[in-house]
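Report on the structure given below.
Numbering (the working numbering), first residue to last: 228 to 375.
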């Protein structure tokens, strides 16, 4: 049963990392290259869509890692799992304090109501997101190492 939990948790976190990596290095660059207001409208839509899904995914991943840490506390790699859990908790804190406030503003913007500094705010979100992706990749790598 523990093995199934380990694999399920690692795959769930890995797919989440893939989504966030894709947002950072594929989706947002594509949106930013679109003409006129298309990119901003795409980011607003993405903020609404992913803003509804990702919080559940982050918390579920953190809970799964917590269960793995408790259930596998006497097994090889327990320290790696605990450290990964700490990094996932850090990613949640980063999200709440840094990224969500910008996302909550950006998802309501249209070309008619967006602030003059909307591009600077999106660039700030991107920088925070790059840091979050790095934290998530580190957590995922630790979970993969703990499997061995």
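By construction, the Cβ of each residue, glycine as well, lies at the ideal position given by its N, Cα and C atoms.
Residue state for residue 340 is assigned as coil, using DSSP reduced to three classes. Residue state for residue 236 is assigned as helix, using DSSP reduced to three classes. Pairing residue 229 with residue 304 gives a Cβ-Cβ distance that is not under 7 Å. Three or more pairs of CB atoms, one per stretch, sit closer than 8 Å, so the stretch 329-342 contacts the stretch 257-271.
Residues 233, 234, 237 and 304 of the same chain have their beta carbon placed closer than 8 Å to that of residue 374, with the five preceding and five following residues left out of the count. The Cβ atoms of residue 369 and residue 318 do not sit closer than 7 Å to each other. Spatial neighbours of residue 310 in its own chain (CB-CB distance under 6 Å, excluding positions within 5 residues in sequence) are listed in chain order as 369. Scanning its chain for C-beta atoms nearer than 7 Å, with the 5 sequence neighbours on each side dropped, one finds around residue 284 the residues 243, in chain order. For residue 283, the enclosing alpha helix (DSSP H) has its first and last residue at 265-298. Between the C-alpha atoms of residue 346 and residue 290 there is a straight-line separation of about 35 Å. Spatial neighbours of residue 358 in its own chain (CB-CB distance under 8 Å, excluding positions within 5 residues in sequence) are listed in chain order as 321. In this structure, the alpha-carbon of residue 328 lies about 13 Å from that of residue 353.
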